[in-house]
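Peer 1:
2 protein chains.
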Amino acid sequence: MNAYSESRPEFDFIDWIKKQVTLRPEVKLGIGDDAAILSHQPNREWVTAIDVITEGVHFTSETPPELIGRKALAINLSDIAAMAADPVAVFLGIVLPKSCGRAYAEQLYAGIFEMANEYELSIAGGDTNSWSGPLVLNVTVMGTVEQGKAILRSGANAGDWIFVTGPLGGSLASGRHLTFEPKLKEAKILAQHFHITSMLDLSDGLASDARHIASQSGVGMIVDTQSLPIHTDVNPDLPEAERVQHAMSDGEDFELLLTVSPEEGERLLSEGIQLGVAVTKIGECTEEVGMKLQSGDALIDWPRGGWEHEV
Amino acid sequence: MNAYSESRPEFDFIDWIKKQVTLRPEVKLGIGDDAAILSHQPNREWVTAIDVITEGVHFTSETPPELIGRKALAINLSDIAAMAADPVAVFLGIVLPKSCGRAYAEQLYAGIFEMANEYELSIAGGDTNSWSGPLVLNVTVMGTVEQGKAILRSGANAGDWIFVTGPLGGSLASGRHLTFEPKLKEAKILAQHFHITSMLDLSDGLASDARHIASQSGVGMIVDTQSLPIHTDVNPDLPEAERVQHAMSDGEDFELLLTVSPEEGERLLSEGIQLGVAVTKIGECTEEVGMKLQSGDALIDWPRGGWEHEV
Chain A
1 MNAYSESRPE
11 FDFIDWIKKQ
21 VTLRPEVKLG
31 IGDDAAILSH
41 QPNREWVTAI
51 DVITEGVHFT
61 SETPPELIGR
71 KALAINLSDI
81 AAMAADPVAV
91 FLGIVLPKSC
101 GRAYAEQLYA
111 GIFEMANEYE
121 LSIAGGDTNS
131 WSGPLVLNVT
141 VMGTVEQGKA
151 ILRSGANAGD
161 WIFVTGPLGG
171 SLASGRHLTF
181 EPKLKEAKIL
191 AQHFHITSML
201 DLSDGLASDA
211 RHIASQSGVG
221 MIVDTQSLPI
231 HTDVNPDLPE
241 AERVQHAMSD
251 GEDFELLLTV
261 SPEEGERLLS
271 EGIQLGVAVT
281 KIGECTEEVG
291 MKLQSGDALI
301 DWPRGGWEHE
311 V
Chain B
1 MNAYSESRPE
11 FDFIDWIKKQ
21 VTLRPEVKLG
31 IGDDAAILSH
41 QPNREWVTAI
51 DVITEGVHFT
61 SETPPELIGR
71 KALAINLSDI
81 AAMAADPVAV
91 FLGIVLPKSC
101 GRAYAEQLYA
111 GIFEMANEYE
121 LSIAGGDTNS
131 WSGPLVLNVT
141 VMGTVEQGKA
151 ILRSGANAGD
161 WIFVTGPLGG
171 SLASGRHLTF
181 EPKLKEAKIL
191 AQHFHITSML
201 DLSDGLASDA
211 RHIASQSGVG
221 MIVDTQSLPI
231 HTDVNPDLPE
241 AERVQHAMSD
251 GEDFELLLTV
261 SPEEGERLLS
271 EGIQLGVAVT
281 KIGECTEEVG
291 MKLQSGDALI
301 DWPRGGWEHE
311 V
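If you read the sequences in order, they're chains A and B. Straight run, no breaks: the first sequence in the numbering used here ends on number 311. Straight run, no breaks: the second sequence in the numbering used here ends on number 311.
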């Protein structure tokens, strides 16, 4: 039989969380009821993203808890950025190992709060449990976007140019996956000044994620390996082919991948930097379905089985 | 280095999920992009609830997977019911043990789909992971409610009568926590025909949950143990005091606890059943803050440490 106390640690902790939270006007009712209430904003619609991260997969038991909390929120904000939307409210489903203790839990949440405050969004609800298993964080982020203005994966056209917002590769090995800034600002600038035909955030790696745009838009892609921006986190002493593989397949870059018409592409290349977005053209969409890699004069199939280690 | 394949089981599985999903008109964009898009409905606002269930806490490794999936969704729908809202969209954050296999995962999802279809809501997004740990399900449900009509925990007044929608106790031991129907229909009827001052769904048990209404409304409560409806799942051979304890503290009843003025209470008792809602009056809200139990002529404090086992 359960024993209940008003001073049950769970409720103390919820009170502690509530004290850290600033409510945005859209959040009419936050933590503390059966559900949160989100008010409608005229001419806007809601976008909702969800991501789960688990110990041993997306972080280790040695990762500082602040950075785990930070990452759980940042990867969702990256999804919201990919829709060119504004994040509003966060819902946290957290399963804590019983052994971790209150101080650890507070550090975990501190990482979430810091990022939530930085991007001015409200923790609007959650469910915190403990168990004998490892740490799990499930974050749901709700945001808003002007009606009809979300950028989807399905709008790329044959002939469109393909861009990325930053260098790729080495994120997991370097720890960059724990400290990256989601490209919310960049996405808003891009959506405001250019006609973006499709966009997503690179989480699994270009080799995997680019296929989503291709298949949902019904186009093929040619990516020029020589124009791929490779992150300095990738060992410069490796052979070039291996460095390209890292850039395409390591994953967790959380840069944006986007397509625009050639005319918009020219404009993006000439005006982007002044507006605050540095992009690199890495390829083009093709009428012919299929993924190809261009390396110098050679044009090879993106292997059917995916980007496979060639060494 | 990751190997990627268009035939990666993860994507096969997402395709399989997409085929089971019916999209409601509010869900403008569902599974398959960085985030879902939810359209605004005139004069309504969004409510969002989140719940996590974990192996070993809310179910065991022997629980049939269909019932685990069902429960994960049902407990969220119970939260939506407690706001007197209509569920619209579900977001699933699921961490599968690597050992469980595709058939198990499909059964788990089948339980979710069945309940989603029964209540006409759409699976609008999710993130499915696998790991070496036990099963975790995180469900976020979004619903809508007429603007300003959500029923909160904070509106009870001194003098209000306290009701429950069904018998309490024995839910976990009997397995009822896996098969209960969330009180969505009942909540809508109640909200439509009566002025409900506060409401919540009983998840932790009356002894614990009633305090949320009391503290958020700034009232006390006297609950009459003799009028408590005790579920047939509670052993009838136990001494009465013990049966009451089960009813108050076992938890996972997922009945609604609500308050109304005495006038509305009279009307609820006389008209409720014809409208399709059977409720039981279990007590009253008091001006004096504090939780009390009435047992015959005796009025005792709800122990400060909570409802504690007395035997």
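Idealized CB from N, CA, C, for every residue including glycine.
1) Which value, in whole angstroms, describes the spacing of the CA atoms of A/Q147 and A/G93?
2) Quick check on DSSP: helix, strand or coil for B/W16?
3) Any C-beta of chain A within less than 7 angstroms: which residues of the stretch 37–70 of chain B qualify?
4) Please state if the CB of B/S198 and the CB of B/T286 are separated by a distance shorter than 8 angstroms.
5) For B/E288 and A/K28, I'd like the C-alpha separation in whole angstroms.
6) Is it buried or exposed, A/E310, if we count other Cβ atoms within 10 angstroms and call 16 or more buried?
7) Given A/I379, which residues of its chain have a CB within under 6 angstroms of its CB, disregarding the five upstream and five downstream residues?
8) Suppose you measure from the CA of B/E284 to the CA of A/D204; what does that come to, to the nearest Å?
9) Along the beta strand (DSSP E) that carries B/E186, what are the first and last residues, could you check?
10) Tell whether a beta-carbon distance below 8 angstroms holds between A/S122 and A/V164.
11) Would B/Q294 and B/D201 qualify as a contact pair, given that the criterion is a beta-carbon distance under 8 angstroms?
12) Who are the near neighbours of B/P134 in its chain, counting only those whose CB is closer than 8 angstroms to its CB and skipping five residues on each side?
13) Determine, for A/L96, whether the minimum Cβ-Cβ distance to residues of chain B falls below 8 angstroms.
14) Hey, quick one: how far does the alpha helix (DSSP H) through A/I80 stretch, first residue to last?
15) Which residue comes first and which comes last in the beta strand (DSSP E) that contains B/F91?
16) Hey, how far is the Cα of B/G272 from the Cα of B/Q192?
17) Grouping DSSP H, G and I as helix and E and B as strand, with all else coil, what is B/I151?
18) Could you give the distance in angstroms between the alpha-carbon of A/A156 and the alpha-carbon of A/H212?
19) So B/D253 packs on B/S171, CB below 8 angstroms; how close in whole Å?
20) Tell me, please, which residues DSSP counts as bridged to A/T60.
21) Should the stretch 30–42 of chain A be called in touch with the stretch 136–155 of chain B, which here means at least 3 C-beta pairs below 8 angstroms?
22) Below 8 angstroms on the Cβ atoms is my contact criterion, and I expect A/A187 with A/A81 to pass it. Report the Cβ-Cβ distance as a whole number of Å.
23) Using alpha carbons as the reference points, say which of B/E26, B/I31 and B/P25 lies closest to B/K18.
24) Beta carbon of A/A84: closer than 7 angstroms to some heavy atom of the ligand NAD?
25) CB-CB under 6 angstroms to A/Y104, same chain, minus the five flanking residues each way: which ones, in chain order?
26) Helix, strand or coil: which one does DSSP assign to A/I213?
27) Would you decide whether B/W302 is buried or exposed? Buried here means 16 or more other CB atoms lie within 10 Å of its CB.
28) By Cβ distance, which residues of its chain are closer than 6 angstroms to A/R243, with the 5 residues on each side in sequence left out?
29) Cβ atoms of A/G290 and A/G220: under 8 angstroms apart, would you say?
30) Whose C-alpha, out of A/I196, A/T128, A/E120 and A/A84, is nearest the C-alpha of A/S261?
31) If distances are taken between C-alpha atoms only, which option among A/E266, A/D12, A/R44 and A/Q41 comes closest to A/G159?
32) Strictly under 8 angstroms for the Cβ-Cβ distance: is A/R267 near chain B by that measure?
33) Please name the residues in the stretch 165–194 of chain B whose beta-carbon is closer than 9 angstroms to at least one beta-carbon of chain A, in chain order.
34) Please name the residue in B/A85, B/K292 and B/D127 whose C-alpha comes closest to that of B/V139.
35) Extract the residue ranges of the alpha helix (DSSP H) inside the stretch 31–56 of chain B, only unbroken runs of 4 or more that lie entirely within it.
36) Hey, quick one: how far does the alpha helix (DSSP H) through A/F163 stretch, first residue to last?
Peer 2: On the basis of the coordinates in this document:
1) Approximately 29 angstroms, taken between the alpha carbons.
2) Three-state result, B/W16: helix.
3) Listed by position along the chain: I37, L38, S39, H40, E45, W46, V47, T48, A49, I50, D51, V52, T54, G56 and V57.
4) Contact flag unset, no.
5) Each residue's alpha carbon lies about 29 angstroms from the other.
6) The pLDDT assigned to A/E310 is 40, lower than 50, so where the model puts this residue is not dependable, and the model offers no usable value.
7) A query on residue 379 of chain A cannot be resolved here, the shown segment of chain A reaching from 1 to 311 and no further.
8) Distance from the CA atom of B/E284 to the CA atom of A/D204, rounded to whole angstroms, is 56 angstroms.
9) Element bounds for B/E186: not the beta strand (DSSP E) but the alpha helix (DSSP H), L184 to H193.
10) Cβ distance not < 8 angstroms, so A/S122 and A/V164 don't count as in contact.
11) It is not a contact, given that the beta carbons lie outside the stated cut-off.
12) Here the set comprises T54, E55, G56, S61 and P97.
13) Taking 8 angstroms as the threshold, the shortest C-beta distance from A/L96 to chain B does not fall below it.
14) Unbroken alpha helix (DSSP H) run through A/I80: P65 to A82.
15) Per DSSP, B/F91 is one residue of the beta strand (DSSP E) stretching across D86 to P97.
16) Roughly 11 angstroms separates the two Cα atoms.
17) Collapsing the DSSP output to three states places B/I151 in coil.
18) Approximately 11 angstroms, taken between the alpha carbons.
19) Right, their Cβ atoms sit about 5 angstroms apart.
20) For A/T60, which the question treats as bridged, DSSP gives no partner whatsoever.
21) The stretch 30–42 of chain A and the stretch 136–155 of chain B touch, with no fewer than 3 CB-CB distances between them shorter than 8 angstroms.
22) Their Cβ separation, rounded to whole angstroms, is 4 angstroms, which keeps A/A187 and A/A81 in contact under 8 angstroms.
23) It is B/I31 whose Cα lies nearest to the Cα of B/K18.
24) In the structure shown, the ligand NAD is absent, as is every other ligand, since no ligand is present at all.
25) The residues are P65.
26) In the structure shown, A/I213 sits in a helix (DSSP, three-state: H, G or I).
27) B/W302 counts as buried, since no fewer than 16 other beta carbons sit within 10 angstroms of its beta carbon.
28) In chain order, I230 and V234 place their CB closer than 6 angstroms to the CB of A/R243, counting only its own chain and leaving out the 5 sequence neighbours on each side.
29) A contact, by the Cβ cut-off of 8 angstroms.
30) When each option's Cα is compared against that of A/S261, the closest is A/I196.
31) Comparing alpha carbon positions, the residue from A/E266, A/D12, A/R44 and A/Q41 closest to A/G159 is A/E266.
32) Using a CB distance cut-off of 8 angstroms, A/R267 does not count as an interface residue toward chain B.
33) Taking a C-beta cut-off of 9 angstroms against chain A, none of the residues of the stretch 165–194 of chain B qualify.
34) B/V139 has its Cα closest to that of B/D127, out of B/A85, B/K292 and B/D127.
35) Counting whole runs of 4 or more residues, the stretch 31–56 of chain B contains no alpha helix (DSSP H) stretch at all.
36) Taken as a continuous stretch (DSSP letters only), A/F163 belongs to no alpha helix (DSSP H), being part of the beta strand (DSSP E) at W161 to V164.
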